[in-house]
Amino acid sequence: MDARGAELADLEDRVIRLNMNVASDVARRYRGRGVAADDLDQVAQLGLVKAVKGFDASRSTDFLSFAVPTVRGELRRYFRDNGWTVRPPRSIQELQARITAIEGELSQELGRSPRPSEIAERLDVPLDRVVDALAANGCFSPTSLDADLGDSDDAGLVDRLGGADPGFKSAEARVVLKPLFEQLDDRERLILEMRFVRGCTQAEIGKAVGVTQMQVSRILAGLLSRMREQMPVPAA
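Each residue of the sequence shown is one higher than the last, beginning at 1 in the UniProt record's numbering.
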């Protein structure tokens with residue numbers, strides 16, 4: 001291996017190590033579906049390696065927008081090959097393989113996960129067929145913000161957005177939520193940043209933006225509702 005090749009290999013290794021937590025975050029969403037957590041982590045790490053080797057920095061500088069769908073696609077491929085309880089028609093399986101193959105490329109171009117309509121246009125297939133392929137296996141359904149996380153306190157995912165770890169610090173959440181943030185005004189962005197990034201109380205936010213604590217509560221509820229409605233449907 002020449003010096004340039006060794007330098008590239010070292011850079012790829014560092015990127016992989018820096019983003020191992022990203023792969024783990026994505027793998028965690030597929031737990032509890034009959035596959036051991038260690039196996040999911042290994043599959044996700046393989047997807048991360050593929051993302052690092054397949055990323056084209058000349059087309060985009062946002063590595064996460066490419067890596068997250070690539071890791072997710074590798075996990076879906078694993079479930080498709082090993083985890084079907086009821087095997088879908090071959091045509092659906094073949095379309096899912098095509099979707100997986102182009103999802104990373106589309107995500108890099110768009111800077112976010114592609115919508116079903118965008119996938120259908122790229123593959124030149126009817127939208128209803130893409131939707132059928134994405135919905136063919138229930139284990140690939142997107143997680144609701146109101147979903148029960150199964151913990152003893154019965155808190156849903158939306159109740160955890162103020163925590164220090166998942167929420168807005170989640171790599172996948174940043175990719176999905178970025179285009180939604182761009183639609184907000186400066187005050188709305190500030191309120192979300194203070195609540196979910198800085199961990200400020202509603203009273204502290206109210207003082208900073210000049211409203212009451214009750215108004216902050218209503219603003220936050222409205223923002224979360226709007227973002228749920230506008231959130232793009234992720235590929236299955």
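Glycine included, each C-beta is placed from N, C-alpha and C at the ideal position.
Taking the alpha carbon of residue i as the point to measure from, which residue in the options has its own alpha carbon closest?
i	options	result
Phe55	Leu190, Gly222 and Val71	Val71
Pro69	Leu18, Val211 and Gln45	Gln45
Val209	Asp186, Glu229 and Ser225	Asp186
Glu182	Gly32, Gly5 and Met227	Met227
Phe63	Val125, Tyr30, Arg115 and Gln108	Gln108
Asn82	Pro114, Asp39 and Arg115	Asp39
Gln213	Ala203, Ala221, Asp13 and Leu220	Ala203
Val52	Gly206, Glu103, Leu11 and Ala3	Leu11
Thr61	Val216, Ile102 and Leu110	Leu110
Leu184	Pro126, Leu220 and Val211	Leu220
Lys50	Ala101, Ile119 and Arg4	Ala101
Counting C-beta neighbours from all protein chains within 10 Å, is the total for residue i 16 or more, i.e. buried, or is it exposed?
i	result
Glu74	buried
Gln96	buried
Arg80	buried
Asp25	buried
Ser117	exposed
Arg90	exposed
Gly104	buried
Ser170	Confidence at Ser170 is low in this model, with a pLDDT of 45, below 50, so its placement is unreliable and the value that follows should be read with caution. Buried, by the Cβ-count rule.
Pro126	exposed
Ala155	Its pLDDT being 46, under 50, Ala155 is placed unreliably in this model, and the value from its coordinates should be taken loosely. Flag for Ala155 reads exposed.
Ala27	buried
Ala120	buried
Arg76	buried
Please say whether residue j and residue i have beta carbons closer to each other than 8 Å?
i	j	result
Ile99	Val130	yes
Arg112	Ser58	no
Leu192	Leu223	yes
Arg31	Ala37	yes
Asp106	Arg122	Strictly speaking, residue 106 in this sequence is Leu, with Asp absent from that position. Yes, the pair counts as a contact, with Cβ atoms nearer than the cut-off.
Which same chain residues, not among the five before or five after residue i, have their C-beta less than 6 Å away from its C-beta?
i	result
Tyr78	Val43
Gly206	Thr212, Gln213 and Val216
Met194	Cys200 and Ile205
Please work out which residues of its chain come closer than 8 Å, Cβ to Cβ, to residue i, disregarding the five sequence neighbours upstream and downstream, and give them in chain order.
i	result
Leu48	Ile16, Asn19, Met20, Val22, Ala23, Ala67, Thr70 and Val71
Glu188	Ile219 and Leu223
Val35	Tyr78, Phe79, Asn82 and Gly83
Asp41	Ala23, Ser24 and Ala27
Using a Cβ-Cβ cut-off of 7 Å (strictly less than) and excluding sequence neighbours within five positions of residue i, which residues of its own chain qualify?
i	result
Asp153	In this prediction, Asp153 scores a pLDDT of 47, lower than 50, which makes its location untrustworthy; the coordinate-derived value is nonetheless stated afterwards. Excluding positions up to five away in sequence, the list is empty.
Glu94	none
Pro114	Glu103, Leu106, Ser107 and Ala235
(request) For the region 12–40, list the alpha helix (DSSP H) runs that are entirely contained and at least 4 residues long, ordered along the chain. (result) 20–28
(message) Runs of 4 residues minimum, wholly inside the UniProt domain "RNA polymerase sigma-70 region 4" (181–229): which ones carry the alpha helix (DSSP H) assignment?
(response) 186–192 and 202–209
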